[in-house]
Amino acid sequence: DNTGFIGDGICHNTVFLAGGLILEGYNTEECGWDGGDCAEFNEKYPACTVDMPQALENGVCEGSIHLVNGLILDGYNTEECGWDGGDCTEFNTLYPNCKVDRPPLVGDGKCDH
Numbered sequence: 024d025n026t027g028f029i030g031d032g033i034c035h036n037t038v039f040l041a042g043g044l045i046l047e048g049y050n051t052e053e054c055g056w057d058g059g060d061c062a063e064f065n066e067k068y069p070a071c072t073v074d075m076p077q078a079l080e081n082g083v084c085e086g087s088i089h090l091v092n093g094l095i096l097d098g099y100n101t102e103e104c105g106w107d108g109g110d111c112t113e114f115n116t117l118y119p120n121c122k123v124d125r126p127p128l129v130g131d132g133k134c135d136h
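Numbered according to my numbering, the sequence shown spans residues 24 to 136.
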């Protein structure tokens, strides 16, 4: 039963479970925009189609999210997603032409290749 994610207070578009199981389709009209959990997200970011909306506005600038199973989720630091819900505003101001998967690694005191 995958309905436990609907209306749990977290906006889900896709749910990634252990063992590589992926559940999709929560943030849809048919599922009531995840039981209402995605109403605010959809209003603020109508063109943002990220898999994990809860990663926006979490205080971490995400270019991409790298999951344990090797999946890479893109599209967070984009205009459509409000530059990761505002989390990447400072990074984008400091490094306007820097397009990397993991912005927090820039300027962290370590040389990353």
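C-beta: ideal position from N, C-alpha, C; glycine also.
Because the structure is a prediction, the values reported are computed rather than measured.
> How many Å lie between Asn-92 and Thr-116 at the Cα?
Replying inline: Distance between Asn-92 and Thr-116, taken at the CA atoms: about 32 Å.
> Which residues in the same chain as Val-123 place their Cβ atom closer than 8 Å to its Cβ, once the five residues preceding and following it in sequence are excluded?
Replying inline: Annotation for Val-123: Gly-86 and Val-129 place their beta carbon closer than 8 Å to its own, counting only its chain and skipping 5 residues before and after.
> Does the separation of the CB atoms of Phe-39 and Leu-90 fall below 8 Å?
Replying inline: Taking 8 Å as the Cβ cut-off, Phe-39 and Leu-90 qualify as a contacting pair.
> When DSSP builds the beta bridges, which residues end up paired with His-136?
Replying inline: DSSP output for His-136 lists no bridge partner at all.
>> In the DSSP output, what is Thr-116 paired with across the bridge?
In response: Per DSSP, none; premise fails for Thr-116.
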